[in-house]
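Numbering (the numbering used here), first residue to last: 140 to 336.
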């Protein structure tokens, strides 16, 4: 519905400060992905979400070994249209599936939607440098964002506080993963991934 798309764009734009160089949206019957971009490498060609056939990626971070992975993928016959590390994620998913994350060196949090198998794959680097939160709304939608404030704009998100997380914060100064300050929202733990298939 139009109101759903408007809400989704509002949630994405709550993260304007994370990416002042542009924004992008991908919406189909199953999923909506939004991205705020801070351009560093291949500024003209790094638009996200990046789409290739049935695979869509929204990604935050830097893959340090993306040139080596690109060369390996090119040897397997994959053709690259950009000089962005994002495209390595798309072709890497096609080649390695879930094992993609074991090949990545860097700091990252990303979402891959593979429409051909109706699979959503979200992953976070092993040191947890880039944040990634997820939640299931009261009406069963899966939400994913790099910051809590984007998620809390959704009217069906239960924002009851997590008492254990509050205790963590006041005793330790931070909230222990995978908890967040809200009961219904979890942080993807460092070095972990979540896959719907």
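Just so you know, even glycine gets a beta-carbon here, dropped at the ideal spot from N, CA and C.
- Under the DSSP assignment, residue 309 falls outside any beta strand (DSSP E), being part of the alpha helix (DSSP H) whose first and last residues are 302 to 311.
- Residue pairing by DSSP puts residue 201 in a beta bridge opposite 246.
- Counting along the chain, residue 281 sits inside the beta strand (DSSP E) bounded by residues 281 to 284.
- Residue 218 and residue 307 have their C-alpha atoms roughly 48 Å apart.
- In the three-state reduction of the DSSP assignment, residue 233 falls in the helix class.
- A Cβ-Cβ contact shorter than 7 Å links residue 229 with residue 191.
- Nearest to residue 252 by C-alpha distance, out of 167, 163, 145, is 167.
- In the DSSP assignment, residue 325 forms a beta bridge with 273, 318.
- Residue 278 and residue 300 have their C-alpha atoms some 19 Å from each other.
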